[in-house]
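As you go down the protein sequences, you meet chains A and B in turn.
Counted from 1, the first sequence has number 244 at position 135 by the working numbering; the numbering is strictly sequential.
Counted from 1, the second sequence has number 26 at position 19 by the working numbering; the numbering is strictly sequential.
Beta carbons are placed, not taken as given, at the ideal position from N, Cα and C, and that holds for glycine.
These numbers come from a predicted model, not from an experiment.
Comments concern the structure below.
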Amino acid sequence: MSTKPRSNETNGAVRDHWTGQYGFLMAAIGSAIGLGNIWRFPGVAYTNGGGAFILPYLIALLFVGIPVLFLDYSLGHKFRGSAPLTFKRLNNKAEALGWFQVVISFVITIYYAAIVAWAIMYAIYSVKLAWGEDTTAFFVGDFLQASDDLVSVTPVWNVGIPLVLLWVFVLFVLGRGISKGVEKLNKVFLPLLVVLFLVMVVRALFLPGAIEGLNAFFEPEWSALLDANVWLSAVSQIFFSLSIAFGIMLTYSSYLPRKSNLTGTGLVAGFANSSFEILAGIGVFATLGFLANQQNVGINELEGITGVGLSFMTFPAIINQMPGGPLFGVLFFASLVLAGITSLLSLLQVVTGAFQDKFGYSARKAAVVVGAIAGVLSLLLFATTTGLNTLDVVDAFINNVGVVVSAIIMTLLAYFSVPKVRALRNHLNMSSAVRVPAVWDWIVGLVTPALLAVMLFQAVVGYVTEGYGGWTANSLNVLIFGWGTIAVTVIAAFILMKIPWKNTKHEDVIRFKGEED
Amino acid sequence: MQPAAIILMVFTILVVWGGLVASVVALRKSDVPEPEVEGEPTGAMTD
């Protein structure tokens, strides 16, 4: 198949496409496998029943994750547009939801890029174990120069310089378009990530204490299955890990050729994401087992086993004590960089794709416009001495409130809009080898939004009554960077919706014969 | 390792990685249907 952007014969619209199923799969899996797979899943599984967590996790994958992934695929493939165009075509009043998803993706890119920049520096530091003995003091003090002020303009060059280089790189890739940029990069980065990570995991398995680490990870605590919060954690893990329901997979699938096996590729992407997550759990807990062995303590006595703390404080401490530590460190942080860049690209494509659709920009112009704004904001907010605190609050609110609200509205909209969700199921079934059963309509339209509503309720009640991350509910950090981010996201979505469409040449909607009957 | 942990590790790997292998095989071997597309007048912004 040609890699050139093709003109739509009906109306002259020019839109780039994936060169085929393989290219799309690499990009979709690259998007799903991100930092959360490596640093979030192992800790979440461990604290929610260990081996017993696997059961709710698999059920959530099969009954929430993959069905919602199929919904994203069907919307993008049928309506042939970025999120704003797709939702406008689904329901003329729903364009704002598309822009809400676009702004959410934009907000995530500006802090996600900062974390990738940290990982770039840590891959370099690994060579000489530059973090020294006290890895926590090095990360917070020497590296990030973190302060407790609300806002600071004091630059942190350790973060700023790699961040600028990262933005130049990702925007160059995005500017080359879907087939020549995003697809080509994923075809190299994703296999490389898997190989690097496999080498790291195999090394970890031969460390003293690794077996105890695996035992802690997989040992079941069956009583956890009776705890509703454990089941919600499984839904939440699958939901955030698969990058579903906030524009990414919808945008990516809109570039699929008309003849595409939608459910087949969705199943591969879903299982590939979970396979990597399990691999990460094995690698991380084998490594934590080594640390516990060296300190002569139990795994349950270790701190910093998830998130930023795991990657930038605990792992460097382990690498210090490990034979061949520098090589292990390079493998670990290079894996974070590769996983981060492929996910960052998918988030940015949600934004640039929307600008291309609405304003008729070329891929290059959209990358420059979006990249300039995002790059400057990420430098101002996250390459300063208050970057760590800001990032922590923005990340919690935009995911636990913004993304979840977006997903609830999207699933309900798909269920109640005309053509109804049955038409989307017919669209999937008419184009795919693996058929989607009728119960899918109920799962995506009713069960999923109900589960997400419970997650949202818990998060909002927690933020309103207790605040977040040690800040009280009425502290300026929570009000400005938490609720303020959500407010800005909603306002920006409505402003973008109100701007008139400059581009009227779009790819035709795909309507298979009989799918809406 | 405890027997229960070993069993769960093997079960997880079989289900998740087995699912990946099975879905890849199914994707490669299955024929993609080519349904007829209804005529669409333009790339209209709204549907």
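In the three-state reduction of the DSSP assignment, residue 315 of chain A falls in the coil class.
Interface with chain B (8 Å Cβ-Cβ cutoff): residue 374 of chain A is included. Taking the Cα of residue 279 of chain A as reference, the smallest distance to any Cα among A:222, A:595 and A:234 is reached at A:222. Residue 342 of chain A and residue 153 of chain A have their C-alpha atoms spaced approximately 8 Å apart.
Using a Cβ distance threshold of 8 Å, residue 376 of chain A and residue 175 of chain A count as a contacting pair. Against residue 329 of chain A, the close residues of chain B are 11, 12 and 15, in the order they occur along the chain (beta-carbon pairs closer than 8 Å). Three or more beta-carbon pairs separated by less than 8 Å are not found between the region 560 to 570 of chain A and the region 224 to 242 of chain A, which leaves the two stretches without contact. Within the region 280 to 339 of chain A, complete alpha helix (DSSP H) segments of at least 4 residues are found at 292 to 314 and 319 to 327, given in chain order. In the DSSP assignment, residue 540 of chain A falls within the alpha helix (DSSP H) that extends over 530 to 540. The Cβ neighbour count for residue 559 of chain A, taken over all protein chains shown within 10 Å, is under 16; the residue is labelled exposed. Considering only A:483, A:615, A:401 and A:183, the residue with the shortest C-alpha distance to residue 426 of chain A is A:401. By a beta-carbon distance limit of 8 Å, residue 251 of chain A does not contact residue 495 of chain A. Their separation comes to about 16 Å. Out of A:387, A:612 and A:537, the CA that lies nearest to the CA of residue 146 of chain A is found in A:387.
Of all C-beta pairs linking the region 329 to 336 of chain A to the region 480 to 499 of chain A, fewer than three are shorter than 8 Å, placing the two stretches out of contact. The Cβ-Cβ distance between residue 236 of chain A and residue 439 of chain A falls below 8 Å. Counting only residues of its own chain and dropping the five nearest sequence neighbours on each side, residue 355 of chain A has a CB closer than 6 Å to the CB of 210, 213, 512 and 515.
In the DSSP assignment, residue 621 of chain A is bridged to B:44. Around the C-beta of residue 148 of chain A, 16 or more other C-beta atoms lie within 10 Å, and the residue is accordingly described as buried. Every candidate beta strand (DSSP E) stretch fails here, since none sits fully inside the region 369 to 409 of chain A while reaching 3 residues.
Inter-residue distance for residue 384 of chain A and residue 32 of chain B is about 16 Å (C-alpha atoms, whole angstroms). In this structure, residue 218 of chain A keeps its C-beta atom at 8 Å or more from the C-beta atom of residue 533 of chain A. Its Cα nearest to that of residue 281 of chain A, the residue A:478 stands out among A:522, A:626, A:478 and A:585. With a cutoff of 8 Å on beta-carbon distance, residue 276 of chain A and residue 165 of chain A are scored as not near each other. Taking residue 269 of chain A as the centre and dropping the five residues before and after it, the same chain places the C-beta of 488 and 492 closer than 7 Å to its C-beta, in chain order. Contact check for residue 127 of chain A against residue 287 of chain A passes: the beta carbons are separated by less than 8 Å. Residue pairing of residue 493 of chain A in beta bridges, as defined by DSSP: A:264. The three-state secondary structure of residue 610 of chain A, taken from DSSP, is coil. At a beta-carbon threshold of 8 Å, none of the residues of chain B lie near residue 143 of chain A; the nearest stands roughly 18 Å away.
The three-state reading of DSSP puts residue 160 of chain A in helix, counting H, G and I together. Taking CB atoms only, residue 21 of chain B has no neighbour in chain A less than 8 Å away. Within 8 Å of the CB of residue 539 of chain A, the CB atoms of chain B belong to 40 and 42, in sequence order along the chain.
CA-CA distance, residue 255 of chain A to residue 395 of chain A, rounds to 31 Å. Taken through DSSP and simplified to helix, strand or coil, residue 35 of chain B comes out as helix. Under the three-pair Cβ rule at 8 Å, the region 297 to 309 of chain A counts as touching the region 128 to 146 of chain A. Put simply, the region 193 to 203 of chain A does not touch the region 410 to 425 of chain A. Fewer than three CB pairs are less than 8 Å apart.
Counting along the chain, the unbroken alpha helix (DSSP H) around residue 563 of chain A starts and ends at 557 to 574.
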